[in-house]
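Beneath this line is the structure, given in structure tokens, with notes to follow.
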Amino acid sequence: MNEFRGPWPDGATGAMALTFDCDVTYAYSPARPDPAGPRTGEALFAKSPKRLQGYSRGLYGLHTALPRILAFLKRRDVLASFYIPGANVERWPDAFRAIVDQGHEVGAHGHEHENVSMYRDDPEAEAAVLDACLDAFGKHLGLRPTGYRSPAWDMNLHSARLLQERGFAYDFSLFAGEAPHLLSDIYPDQPDLLEFPIDWCLDDAPYFMWFMPPHLMAQFHGPDEVFEIWKAELDGIVGEGGVFTLTCHPSVIGRHHRMNILERLMDHVEARGDVWVAPLADIAGHVMRRQAAA
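The sequence shown begins at 161 in this note's numbering and counts up one residue at a time.
What follows is the structure, given as structure tokens:
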């Protein structure tokens, strides 16, 4: 597999991106898309929760954890990447404008956090979801995202083509490898779209996200255990010239004892001194420039 493993800026051994999925209430209440197409405007705001438990957990992420994360990133002088469903941008534009104002990247994450597998036989419906998301970013944030992360960490055979047609520079939804590569290098009939690999062990949700049974009940893990896993993965991936991509959710990582994991991880990165920490849009730009030069 033809992965990009450097050179990296300023002689760094590898790269790292802190990324956050701002699902808000969609993290706890799976979207049920309207058969008529993506809800926007009045139709979206008319939709109301039937129960408040999951809704309140999402609002904790928006109103308590997100400002805490932004303060942490500012104090550590780190720029990160945030992936946001378009419907959330419509509902709470001021909260997400604060991310942009601080200089962080914002990327697309569906419109109502739809599972793209629902559209495996309907590329037109998937395209409408992407367009609704992009319209929300343009209307409320005045920008067009260049990065995309699938809400379900999955892609249909037509998904990458839809992203490329809309000018996305990279996708961040699949598992093959530990360094950026072109989808066309490993998947038949896929376009030359840059892919950043992910993994469930580098996501905070499997360790900490708790749902009431019978749906899912993850066991809470101690912060020391999770820190050691993430530290070992960082050292291994960066040591081989790859990109360490950590996926977090404000309502999950934003608890005090879990934010401490990020503090310790950044202490470790600074002690190493050979890790380029940047938003994925910047890392993608570097990779594409080097590939073009080669």
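Glycine included, C-beta positions come from ideal geometry on N, C-alpha and C.
So what's aspartate 331 in DSSP terms, helix, strand or just coil?
Working through the sequence shown from its first residue, we reach residue 331 at position 171. In this structure, aspartate 331 counts as strand in the three-state DSSP scheme.
Please say whether phenylalanine 297 and tyrosine 330 have beta carbons closer to each other than 8 Å?
Counted from its first residue, the sequence shown places residue 330 at position 170. Counted from its first residue, the sequence shown places residue 297 at position 137. Cβ distance not < 8 Å, so tyrosine 330 and phenylalanine 297 don't count as in contact.
What is the DSSP secondary structure of isoleucine 346, counted as helix, strand or coil?
Position 186 of the sequence shown, counted from the first residue, corresponds to residue 346. It is helical.
When we look at the beta-carbon of phenylalanine 205 and count the other beta-carbons within 10 Å, is it buried (16 or more) or exposed?
For the purposes of this step, residue 205 is taken as the residue at position 45 of the sequence shown. Exposed, because fewer than 16 other Cβ atoms sit within 10 Å of the Cβ of phenylalanine 205.
Please list the terminal residues of the continuous alpha helix (DSSP H) segment that includes isoleucine 413.
The sequence position of residue 413 within the sequence shown is 253, counting from 1. Counting along the chain, the alpha helix (DSSP H) containing isoleucine 413 begins and ends at 410 to 413.
For valine 437, list the residues DSSP reports as bridge partners.
Mapped onto the sequence shown, residue 437 falls at position 277. In the DSSP output, where bridge partners are listed per residue, valine 437 has Met176.
Which two residues bound the contiguous beta strand (DSSP E) that contains valine 238?
The residue given as residue 238 occupies position 78 in the sequence shown. From DSSP, valine 238 is part of no beta strand (DSSP E); its letter is neither H nor E.
When we look at the beta-carbon of glutamate 388 and count the other beta-carbons within 10 Å, is it buried (16 or more) or exposed?
In the sequence shown, counting from the first residue as 1, residue 388 sits at position 228. Glutamate 388 comes out exposed.
What does DSSP give as the partner residues of aspartate 181 in its beta bridges?
If you number the sequence shown from 1, residue 181 lands on position 21. BP columns for aspartate 181 point to Tyr243.
Does the Cβ-Cβ distance between valine 412 and phenylalanine 404 come in under 8 Å?
Your numbering for residue 412 matches position 252 in the sequence shown. Your numbering for residue 404 matches position 244 in the sequence shown. No; because the gap between Cβ atoms is not below 8 Å, this pair is not in contact.
Between alanine 258 and leucine 230, which are expected to be in contact by the criterion C-beta below 8 Å, what is the C-beta distance as a whole number of angstroms?
Within the sequence shown, residue 258 is the residue found at index 98, counting from 1. Within the sequence shown, residue 230 is the residue found at index 70, counting from 1. Sure, about 6 Å apart at Cβ, within 8 Å.
In or out: serine 189 buried (at least 16 other Cβ within 10 Å) or exposed?
If you number the sequence shown from 1, residue 189 lands on position 29. Burial call: buried.
Would you report the Cα separation of glycine 221 and asparagine 275, rounded to the nearest angstrom?
Here residue 221 is taken as the residue at index 61 of the sequence shown, counted from 1. Here residue 275 is taken as the residue at index 115 of the sequence shown, counted from 1. If I take the Cα positions, the gap works out to 21 Å.
In whole angstroms, give me the CA-to-CA distance for aspartate 291 and aspartate 194.
Residue numbering aside, residue 291 sits at position 131 when the sequence shown is read from its first letter. Residue numbering aside, residue 194 sits at position 34 when the sequence shown is read from its first letter. Rounded to the nearest angstrom, the two C-alpha atoms are 15 Å apart.
Which first and last residues belong to the alpha helix (DSSP H) in which valine 266 is found?
Against the sequence shown, residue 266 aligns to sequence position 106. Segment 265 to 268 is the beta strand (DSSP E) holding valine 266; no alpha helix (DSSP H) there.
I need the DSSP call for glycine 307, collapsed to helix, strand or coil.
Residue numbering aside, residue 307 sits at position 147 when the sequence shown is read from its first letter. DSSP places glycine 307 in strand when its eight states are reduced to three.
Within a Cβ cutoff of 8 Å, which residues of the same chain sit near phenylalanine 164, ignoring the five residues on either side of it in sequence?
Position 4 of the sequence shown holds residue 164. If we look at phenylalanine 164 and ignore the five residues flanking it on each side, its Cβ neighbours are Ala339, Pro340, His341, Val447, Arg450, Gln451.
Tell me whether the stretch 278 to 289 and the stretch 249 to 264 touch, counting them as touching only if at least three CB pairs, one residue from each stretch, are closer than 8 Å.
No, because fewer than three Cβ pairs between the stretch 278 to 289 and the stretch 249 to 264 fall closer than 8 Å, the two stretches do not touch.
For valine 447, which beta-bridge partners are listed by DSSP?
Mapped onto the sequence shown, residue 447 falls at position 287. DSSP lists no partner for valine 447.
For glutamate 355, name the three-state secondary structure that DSSP assigns.
Sequence index remark: in the sequence shown, residue 355 carries index 195 (1-based). It is a strand residue.
Tell me the DSSP secondary structure of threonine 224 in three-state form.
Position 64 of the sequence shown holds residue 224. Reduced to three states, the DSSP call for threonine 224 is helix.
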